[in-house]
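Chemist: If you scroll down you'll find the structure; I have some questions about it.
There are 2 protein chains.
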Amino acid sequence: MPIPSLDRDVEQRLRRDDVRYTRGRRAVVQALATAAGPRSAAELHQDMGSDVPLSSLYRTLTVLEEANIISPHFGARGLTRYELAEWITGHHHHYVCIECGAVEDIDVSEEIEHKVDALVEEISGMASFNPTSHVLEIEGRCRRCR
Amino acid sequence: MPIPSLDRDVEQRLRRDDVRYTRGRRAVVQALATAAGPRSAAELHQDMGSDVPLSSLYRTLTVLEEANIISPHFGARGLTRYELAEWITGHHHHYVCIECGAVEDIDVSEEIEHKVDALVEEISGMASFNPTSHVLEIEGRCRRCR
DNA sequence: TTCCTTGCAAACGATTTGCATTGGA
DNA sequence: TCCAATGCAAATCGTTTGCAAGGAA
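From first to last, the protein sequence lines stand for chains Z and V. Residue numbers for the first sequence follow our numbering, beginning at 37 and rising by one. Residue numbers for the second sequence follow our numbering, beginning at 37 and rising by one.
Below is the structure:
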């Protein structure tokens, strides 16, 4: 999923908060941009060559989350994975392996997404909720675990 | 959500695995049966009066999960919440507060659930996945946080 | 007696924090 | 220069485990 103006957009967004777009932060954004799904701190640590200390990585993730560059995903026991925020990647869903916990992105057509939205509205209406967004995850066994 | 034959059903299910349905286990099942949504070990500990040691509670949760009496829910940073398995409560969805992380059950009509299933099938088909189930969570701010 | 179950304390893995150092505007 | 960002080590939090004691069949 190539995002042409990614660095520019992120830098601009960070500048708003007076936050610097440093080498370490660029590396995380890069790693997430090329990942096939949400990644945990440990996974990013591997992806990135393991020289950055974990504590710095966690700090970077916190900063990026606060600036709304990345979003947390809680789909596995006791660990948080991150992905680029939807204003960057566009709205999407996840395929989650019930065996190993791996998570993969699913992009859906606008047409289908409209149907999802309509359903969420319908359900929320009946329960008198005020939805701001939704999460749809499809569970199954991934290639490796099948 | 009153479940008339709950204790009987659970006991029977546990006996299959040669697992005893002890006082502590009954208490957890009871607490979950009356909860409005998934509960974490710490939350259950409070719900139950706090005299059971946490380690026992965790062990109970492990046993009940292995016997498929309860199911884990990962919707919050670094903590697992549990709810009664869907063969007991019926399939349902969740309303998740984006502010405080509280989770509440949403029961939907069969009619709507059919639509959800159809959508999941449609999406999975396009991605050549083999779905065994799905999770739909509606996000918003709960009464308290609004 | 024979296992399953529980309690307590220590161990663990993911994440956070204090503090001194480094680095960029 | 000056404050944000980083590295390292220690602390914290949710959860798990070893081991000895308690209980039910």
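We treat Cβ as the ideally placed atom computed from N, Cα and C, and that holds for glycine.
Taking 8 angstroms as the CB-CB limit, is asparagine 166 of chain V close to chain Z?
Modeler: Closer than 8 angstroms: yes.
Chemist: Between the alpha carbons of threonine 96 of chain V and valine 64 of chain V, how many angstroms are there, rounded?
Modeler: So the two alpha carbons sit approximately 8 angstroms from each other.
Chemist: Using a C-beta cutoff of 8 angstroms, does glutamate 101 of chain Z count as contacting chain V?
Modeler: Chain V contact via Cβ: absent.
Chemist: Are there three or more Cβ pairs, one per stretch, closer than 8 angstroms when the stretch 137-147 of chain V is compared with the stretch 145-153 of chain Z?
Modeler: Judged by Cβ distances under 8 angstroms, the stretch 137-147 of chain V makes no contact with the stretch 145-153 of chain Z, as fewer than three pairs qualify.
Chemist: Taking the alpha-carbon positions, what's the aspartate 53 of chain Z to alanine 103 of chain Z distance?
Modeler: Distance between the alpha carbons of aspartate 53 of chain Z and alanine 103 of chain Z is about 7 angstroms.
Chemist: Indicate whether at least one CB of chain V lies closer than 8 angstroms to the CB of tyrosine 118 of chain Z.
Modeler: By this cut-off, tyrosine 118 of chain Z is not an interface position.
Chemist: Suppose you measure from the CA of threonine 168 of chain Z to the CA of glutamate 135 of chain V; what does that come to, to the nearest Å?
Modeler: Between threonine 168 of chain Z and glutamate 135 of chain V, the C-alpha separation is close to 11 angstroms.
Chemist: Given that a residue counts as buried once 16 or more other Cβ atoms are within 10 Å of its Cβ, and exposed if not, what is threonine 98 of chain V?
Modeler: Exposed: under 16 other Cβ atoms inside 10 Å.
Chemist: Check distances from the C-beta atoms of the stretch 142-162 of chain V to those of chain Z and list, in chain order, the residues that come in under 7 angstroms.
Modeler: Answer set for the stretch 142-162 of chain V: Ile142, Val144, Ile148, Lys151, Val152, Leu155, Val156, Glu158, Ile159, Ser160.
Chemist: Taking 8 angstroms as the CB-CB cut-off, is histidine 81 of chain Z touching chain V?
Modeler: Taking Cβ atoms only, chain V never reaches closer than 8 angstroms to histidine 81 of chain Z, which makes this a no.
Chemist: Under a three-way DSSP split, which group does threonine 58 of chain Z fall into?
Modeler: Three-state result, threonine 58 of chain Z: coil.
Chemist: Once you ignore the five residues that flank cysteine 181 of chain Z on each side, which residues in its own chain have a CB closer than 7 angstroms to its CB?
Modeler: So the qualifying residues of the chain are Cys133, Glu135, Cys136.
Chemist: For arginine 177 of chain Z, go through chain V and note every residue whose CB falls closer than 8 angstroms to its CB, in chain order.
Modeler: Simply Asn166, Thr168.
Chemist: Please tell me whether leucine 42 of chain Z and isoleucine 124 of chain Z are closer than 8 angstroms, where the distance is taken between their beta carbons.
Modeler: In this structure, isoleucine 124 of chain Z lies closer than 8 angstroms to leucine 42 of chain Z by Cβ.
Chemist: Would you say glycine 111 of chain V faces chain Z, with C-beta separation under 8 angstroms as the test?
Modeler: So yes, glycine 111 of chain V belongs to the interface.
Chemist: So with CB distances below 9 angstroms, who are the chain Z contacts of glycine 114 of chain V?
Modeler: Result: Phe110, Gly114, Leu115, Thr116.
Chemist: Using a beta-carbon distance below 8 angstroms, is arginine 90 of chain Z in contact with chain V?
Modeler: The amino acid at residue 90 of chain Z is misidentified as arginine; the sequence shows leucine. Not closer than 8 angstroms to any Cβ of chain V, the Cβ of leucine 90 of chain Z fails to qualify, so no.
Chemist: Within its chain, find whatever has a CB closer than 8 angstroms to the CB of histidine 128 of chain Z; leave out the 5 residues flanking it on each side and keep chain order.
Modeler: Within the same chain, histidine 128 of chain Z has close Cβ partners Glu122, Asp141, Ile142, Asp143, Val144.
Chemist: Within 10 angstroms of the Cβ of proline 74 of chain V, are there 16 or more other Cβ atoms? Answer buried if so, exposed if not.
Modeler: Buried.
Chemist: Beta carbon of histidine 130 of chain Z, beta carbon of glycine 111 of chain Z: below 8 angstroms?
Modeler: Yes, they are a contact pair.
Chemist: Expressed to the nearest angstrom, what Euclidean distance is found between the alpha-carbon atoms of glycine 126 of chain V and aspartate 45 of chain V?
Modeler: Straight-line Cα distance between these residues: approximately 14 angstroms.
Chemist: Would you report the Cα separation of leucine 50 of chain Z and alanine 67 of chain Z, rounded to the nearest angstrom?
Modeler: Looking at the two C-alpha atoms, the distance is approximately 18 angstroms.
Chemist: Tell me, please, whether the CB atom of leucine 172 of chain V is closer than 8 angstroms to any CB atom in chain Z?
Modeler: Yes, because at least one Cβ of chain Z sits closer than 8 angstroms to the Cβ of leucine 172 of chain V.
Chemist: By the 10 Å Cβ neighbour count, where 16 or more other Cβ atoms means buried, how is arginine 61 of chain Z classified, buried or exposed?
Modeler: Buried, because 16 or more other Cβ atoms sit within 10 Å of the Cβ of arginine 61 of chain Z.
Chemist: Does any residue of chain V bring its CB to less than 8 angstroms from the CB of tyrosine 131 of chain Z?
Modeler: By this cut-off, tyrosine 131 of chain Z is an interface position.
Chemist: Could you name the residues that DSSP lists as bridge partners for aspartate 141 of chain V?
Modeler: Its beta-bridge partners are V/His130.
Chemist: Check isoleucine 106 of chain Z in the structure and name its three-state DSSP category.
Modeler: Strand.
Chemist: From this set, V/Thr116, V/Val171, V/Asn166, V/Arg177, which residue's C-alpha is nearest alanine 78 of chain V's C-alpha?
Modeler: Checking every option, the nearest Cα to that of alanine 78 of chain V belongs to V/Thr116.
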